Amino acid sequence: MDAFLQFVANLFPNPTTSILAIEGLKSLGVETIDDLQFLKEQDVAGFLKPIEARKLIAQIPNVASTQQTTTNYTSAEYTSDASSSPGPGCSTSPSSTLTGGCETSSESLVSDHDWHYDFVVPWEKMPASFMRKIKSGERPSCSERRQLVRTVASEILENPSCQLEKRQNCSRKKKIEMFQNEESNVKTIYNLMTATYTFQRNDIQSGKDTRELLDEWPYLFQAAGMKAHFKELTGIDMNDSFEEATTSKFRRISEYFQFQCTERASRAGRILTKLRTGGDHVCGAVMLLLAHFRNDQDQFLVMVEDTCVPNDICPEQLPPTPCIVVCGENPLTASVYMVAVDQMIVNDHLLSFTEALYLMFSLYYILNISYPVELGATLEFLQRCIFRINPHKGTKVQKREKKRVYSVNPKVLSLTSKIAAFDWGD
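Residue numbers (UniProt numbering): 1 to 426.
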């Protein structure tokens, strides 16, 4: 496996491309460097760019001949030096332990940008069951192979030698580097998520529970990964332009309800009173929608103490459907939010209600969850008027016995028409 990983790393120095190539090749059944000779260009077109695919195919004959030469040389060297012991600079890995070889440190021979020549797979971070299979020659399971890729990817990203720029003493340059690294991580996550989208959908469609998905696809529940998956699934890009447009719509919703004759003692009246004293207008608009449709706010917004962390929250406090956990007494003024699904926190420490709302709503689509009846009208309004998802037929609301099913909830249509007449903004 080391020879295969080293070949890919040498061919594609960019860590992102290297990781995608390894994952893609393994999905095709490539286990050793000898398996590469059976590849065709169309096999790798799904996860490599055309030039990258041609480069890979062109190098395969060279690798085969080099591998044969290396094998012969190693055999002769082993015969002549069988009695010698490893030098002090050697480091062992599972593959070297099994074959009797070792890796020598060449730090003084390579420059910083050649870090991948010295990269060692962190076998010690893999489970004992995985290592037993490797030593016995068994093929690891699909989840174990994915875990290896994630571990290697994490190790690469943490390697200081693989950063695009060296650290500078100047504080201004440090800030620029921090920004560039953060941007690079988001792009890396996006590329990984889009490249493995088909595998993610297969796991979701197969019925794996949220805990398994969280273990196998941790980025699926992070903001960058969730948005990437949602875009692939629905075509909706939740970028800055989308947020700006939706923020304007939520403000219009709040203004519409403020101009209505609402009793102060009513549920909507109490929300408007609090909203006028200050608070997040997006959160206020959502709470007004819940009140208007008489939906269950407690199933949409779960209140906890402002000092709570995920481990402090009992599963019994959370509904099985996606929800926003509000850390504080008032959703309008809270500063920290979490997102939960299947009675477990999947994303914590969100500093924006808008961000929490986007992630919570996208989980209904990513995990194929129907809208609960208690929140059906509000979620359908968000679907059609905020996210612009308008299927010609069908509804995501759970079906109820002896109840007529509408393609579009009449109450949602009515409110949409009234807000449009009030001056709805695109």
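Cβ coordinates follow ideal geometry from the N, Cα and C atoms, glycine included. Source: prediction; values computed, not measured.
First through last residue of the beta strand (DSSP E) which encompasses residue 286: First-last for residue 286: 281-292, but that is the alpha helix (DSSP H), not the beta strand (DSSP E).
Three-pair Cβ contact test at 8 Å for the region 244-257 versus the region 272-283: yes
Whole-angstrom distance between residue 398 and residue 5, CA atom to CA atom: 48 Å
Under the three-state DSSP convention, the category residue 367 falls into: coil
Closer than 7 Å: residue 22 CB and nearest the ligand MN heavy atom: Annotation note on the ligand MN: not contained in the displayed structure, which lists no ligands.
Test item: CB-CB of residue 223 and residue 359 under 8 Å: yes
Nearest candidate by alpha-carbon position, reference residue 376, set 327, 248, 228, 297: 297
Sub-8 Å separation of residue 347 and residue 336 beta-carbons: no
Counterpart residues of residue 134 in DSSP-defined beta bridges: Residue 134 pairs with nothing; no bridge assigned.
CB of residue 378 within 8 Å of CB of residue 295, strictly: yes
Candidates 40, 26, 279, of which the one nearest residue 58 by Cα: 40
Integer-rounded CB distance, given that residue 356 should sit under 8 Å from residue 324: 5 Å
7 Å Cβ shell around residue 11 - same chain, five flanking residues per side excluded: 55, 56, 59
Nearest to residue 27 (by Cα), restricted to the options 43, 13, 17, 34: 43
Residue 417 classed as buried or exposed, judged by whether at least 16 other C-beta atoms fall within 10 angstroms: exposed
Beta-carbon gap between residue 314 and residue 327 smaller than 8 Å: no
Same chain only: Cβ atoms within 7 Å of residue 268, ignoring 5 sequence neighbours per side: 257, 262, 288, 291, 292
Three-state class that DSSP yields for residue 419 in the structure shown: helix
Extent of the continuous beta strand (DSSP E) to which residue 334 belongs: Residue 334 -> no beta strand (DSSP E), and no H or E assigned at all.
Span of the alpha helix (DSSP H), counted from its first residue to its last, around residue 226: 223-234
Same chain only: Cβ atoms within 6 Å of residue 279, ignoring 5 sequence neighbours per side: 332, 333
Selection from 250, 228, 303 that minimises the alpha carbon distance to residue 189: 228
Three or more C-beta pairs below 8 Å linking the region 377-392 and the region 233-250: yes
Alpha-carbon spacing of residue 396 relative to residue 412, whole angstroms: 14 Å
Terminal residues of the beta strand (DSSP E) in which residue 348 lies: 344-350
Rounded distance between the beta-carbons of residue 320 and residue 342, thought under 8 Å: 6 Å
Rounded straight-line distance, which links the Cα of residue 391 to that of residue 345: 30 Å
Other residues of its chain near residue 410: CB distance less than 6 Å, five sequence neighbours each side excluded: none
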